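First up is the structure itself, then whatever we jot down about it.
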Amino acid sequence: MSTQVPRLLAGLVDDAAVFPPGSAPLPDAVAAHHEHRASWYADLVGPLLVPASAVAAGGLDGLAEGVVTGLIGDTGLDRLPTALARLDAAGSTVRQVEVAVARRGEDPRPGLTALRDLVTRRDDLDWYAELPLTFGLTSALDTLAEARATGLPVAAKFRTGGLAAELFPTPVELAAVICACRDRGLPFKLTAGLHHAVRHLDPETGFTHHGFGNVLAATLAAVDGAEVDAVAVLLAATDAARLVEPVRAAGDADRPLWGGFGSCSVREPLTDLIRLGLVNGGFDR
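Residue 68 in the numbering used here sits at position 67 of the sequence shown; the count goes up by one each step and never skips.
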């Protein structure tokens, strides 16, 4: 573990360079990921996230040797085994699989049943079921928690942004989800909209984005026993000082509950962490 990246932040940012809005070509993304892994801030960086569609089409053939990857199931559940086999053949070390099990408004139970079948066949990987924050969420969380209690490596994933306002949960909605996962001992990951540490209004889209520093402080508070209202206050905070102190105080501990988030830019969250004094480094190393 680097002395410049606190233990609390280890693997916080998965490298989603190939996904929008970055949309880097796979060869460029792989080359940049190698640079991240060789850098002084390597401990901050999780796996390179790759879409199953590109993997199945051979987009990583000849590129993936030795690369730690996370597979994103953009083709749905059915084609995941094919993509996993192709990554294995390409020499990649696959760490995790993330896949949506239902669209907004759909019943997630059939997708969770199909996912469980896949997990039992590849229980050497961490699996994340992306759940819409709508119909059937509580039951879906119960199902995941029950499967995890039997030893299956499954957890939850939630979307915190996107191209429409309804894809951004309110602080109260996100706080309720964090506390629900806490109550079930269920780890979770997040995706979309978390490029910066502190909650802010994006002038280009007009959407207010969650801050990953807010999420980290809020999750620490939830694990410590805070309830939804108190957790929501931290998620809504726009004062960085309110977030930095609890994060700094927990710096030597493992990060509880929250697995991290995917970002199409590793440098943007890193820059914010440096500016807030939470990571001890600079780009001149």
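Virtual Cβ for every residue (Gly too), placed ideally from N, Cα, C. In this text, all values refer to a predicted model and were calculated from it rather than measured experimentally.
Selection from the options that minimises the alpha carbon distance to residue i
{"i": "L191", "options": "P111, H210, G67, K158", "result": "K158"}
{"i": "G261", "options": "A241, L168, G137, L217", "result": "L217"}
{"i": "L274", "options": "C265, L244, G263, T220", "result": "L244"}
{"i": "D15", "options": "F213, L81, G60, S54", "result": "F213"}
{"i": "P154", "options": "D29, D118, F169", "result": "D118"}
{"i": "A242", "options": "L277, L202, E167, A250", "result": "L277"}
{"i": "V95", "options": "L195, A103, A86", "result": "A86"}
{"i": "D79", "options": "V120, L61, S40", "result": "V120"}
{"i": "L50", "options": "A58, A25, G63, A223", "result": "A25"}
{"i": "A141", "options": "H34, P48, A103, A166", "result": "A103"}
{"i": "L195", "options": "L187, L168, P247", "result": "L168"}
{"i": "A55", "options": "T239, H35, A91", "result": "A91"}
{"i": "G186", "options": "P170, H211, R149, E205", "result": "R149"}
{"i": "A58", "options": "V98, L27, L10, T70", "result": "L27"}
{"i": "H211", "options": "G71, G162, A43, T70", "result": "G162"}
{"i": "G60", "options": "V6, Q5, S93", "result": "S93"}
{"i": "G263", "options": "E246, T70, R249", "result": "T70"}
Inter-residue spacing [alpha-carbon to alpha-carbon] between residue i and residue j
{"i": "V31", "j": "R38", "result": "10 Å"}
{"i": "V100", "j": "A65", "result": "21 Å"}
{"i": "T209", "j": "F189", "result": "22 Å"}
{"i": "D255", "j": "R8", "result": "6 Å"}
{"i": "A181", "j": "A130", "result": "15 Å"}
{"i": "A193", "j": "P111", "result": "25 Å"}
{"i": "A115", "j": "I73", "result": "16 Å"}
{"i": "G23", "j": "A237", "result": "26 Å"}
{"i": "R286", "j": "W259", "result": "Low per-residue confidence applies at R286: pLDDT is 38, beneath 50, and the placement is therefore not dependable enough to give any value."}
{"i": "T139", "j": "A198", "result": "28 Å"}
{"i": "G67", "j": "V280", "result": "27 Å"}
{"i": "C265", "j": "T151", "result": "34 Å"}
{"i": "L13", "j": "L221", "result": "14 Å"}
{"i": "F136", "j": "D108", "result": "7 Å"}
{"i": "D29", "j": "D89", "result": "21 Å"}
{"i": "R105", "j": "L134", "result": "8 Å"}
{"i": "L164", "j": "F20", "result": "13 Å"}
{"i": "L202", "j": "A219", "result": "19 Å"}
{"i": "I179", "j": "G226", "result": "12 Å"}
{"i": "G207", "j": "A166", "result": "9 Å"}
{"i": "A223", "j": "G63", "result": "44 Å"}
{"i": "A18", "j": "A84", "result": "19 Å"}
{"i": "L81", "j": "P257", "result": "28 Å"}
{"i": "W128", "j": "D75", "result": "14 Å"}
{"i": "L10", "j": "Q97", "result": "18 Å"}
{"i": "R160", "j": "N215", "result": "15 Å"}
{"i": "Y42", "j": "V6", "result": "6 Å"}
{"i": "L126", "j": "V248", "result": "29 Å"}
Environment of residue i [buried if 16+ CB atoms lie within 10 Å]
{"i": "L113", "result": "buried"}
{"i": "L252", "result": "It is Gly, not Leu, that sits at residue 252 in the sequence shown. Per the 10 Å Cβ criterion, exposed."}
{"i": "D184", "result": "exposed"}
{"i": "P52", "result": "buried"}
{"i": "A156", "result": "buried"}
{"i": "R200", "result": "buried"}
{"i": "R1", "result": "Only positions 2 to 286 of the chain appear in this structure, which leaves residue 1 out of reach."}
{"i": "P48", "result": "buried"}
{"i": "D124", "result": "exposed"}
{"i": "H35", "result": "exposed"}
{"i": "T239", "result": "exposed"}
{"i": "F284", "result": "Per-residue confidence for F284 stands at a pLDDT of 43, beneath the threshold of 50, marking its modelled position as unreliable; the derived number appears in the next sentence. Exposed: under 16 other Cβ atoms inside 10 Å."}
{"i": "P204", "result": "exposed"}
Residue i: CB within 7 Å of a non-hydrogen atom of the ligand MN
{"i": "V173", "result": "In the structure on display, the ligand MN does not appear, and there are no ligands present to speak of."}
Check your understanding: Does the region 160–177 come within contact of the region 141–150, defined as at least 3 CB pairs closer than 8 Å?
Key -> no
Review point. Could you give the uninterrupted runs of the alpha helix (DSSP H) lying entirely in the region 212–261, keeping only those of 4 residues or more?
Key: 213–224, 229–237, 241–250
Practice item. Please list the segments of the beta strand (DSSP E) lying wholly inside the region 60–99, counting only runs of 3 or more residues, in order along the chain. Key: 69–73
Review point. Hey, is the region 260–270 in contact with the region 230–246, meaning 3+ C-beta pairs nearer than 8 Å?
Key: no
**Study point:** Those runs of the alpha helix (DSSP H) which lie wholly inside the region 123–157 and span at least 4 residues
**Key:** 138–150
**Study point:** Runs of beta strand (DSSP E) wholly within the region 19–45 (minimum 3 residues, chain order)
**Key:** none
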